[in-house]
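What the sequence shown shows, in the UniProt record's numbering, is residues 1 to 165, in sequence order. Quick reminder that beta carbons are idealized off the backbone N, C-alpha and C, glycines included. Everything numeric in this text was worked out from a predicted model, so none of it was measured. One structure is given below, encoded as structure tokens.
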Amino acid sequence: VLVTVSKTRPIVLYIRDIENLLFRSQRVYSLFQRMLKKLSGPVLILGSRTLEPGNDYGEVDEKLSLLFPYNIEIKPPEDENHLVSWKTQLEEDMRMIQFQDNRNHITEVLAANDLDCDDLASICLADTMILSKYIEEIVVSAVSYHLMNNKDPEYKNGKLVISSK
């Protein structure tokens, strides 16, 4: 899809924790490398690295540097007032990323079981975290409950649509 779209319109692709993705296996790295060669047109690909607190912004892996030759290092502000604001924003961003990761995990499990949930966005942050942790165990009970309480279950694109309630 990315290769096809890149021929007709500009694309910005952000890949969080690029090292984790690309270094899972040599095959993933090779596939990504081939995909990059097929892209045409205005395409910007950003790959971020996740470092542990206290890590000294270590060297970038040579294979990663071949794919991403430009390295932008983001360091915390030195001014104390800006640092407090920066840390607050960083914590909020991390909560939102975790929230989105949890929601994506729930969506993946639902899709793997041919389910859809139209009101998934209505689930609050705390409930999404708990639901994501136990979704594999909950999904069968949720389907049973839904089918027992709905005489005419709704299907969309071949998937059973269940409520988040």
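C-alpha gap between K165 and M96, whole angstroms: Your numbering for residue 165 matches position 165 in the sequence shown. Your numbering for residue 96 matches position 96 in the sequence shown. One alpha carbon belongs to K165, the other to M96, and they sit about 22 Å apart.
Cβ-Cβ distance between V48 and S6 below 8 Å: Position 48 of the sequence shown holds residue 48. Position 6 of the sequence shown holds residue 6. According to the sequence as given, residue 48 is Ser; it is not Val. Going by C-beta atoms, S48 is not nearer than 8 Å to S6.
Residue of P42, K156 and M94 minimising C-alpha distance to A111: Against the sequence shown, residue 111 aligns to sequence position 111. The residue with the shortest Cα to Cα distance from A111 is K156.
Meets three-Cβ-pair contact criterion under 8 Å: the region 146-154 and the region 98-111: no
Where residue 168 sits in the DSSP three-state scheme: Within the shown structure, residues of the chain are numbered from 1 to 165, placing residue 168 beyond reach of any answer.
Length at least 4, wholly inside the region 54-82: the alpha helix (DSSP H) runs in chain order: 62-67
Neighbourhood of D114 by C-beta, 6 Å cutoff - its chain only, sequence neighbours within 5 removed: Here the question's residue 114 lines up with position 114 in the sequence shown. Within the same chain, D114 has close Cβ partners K159.
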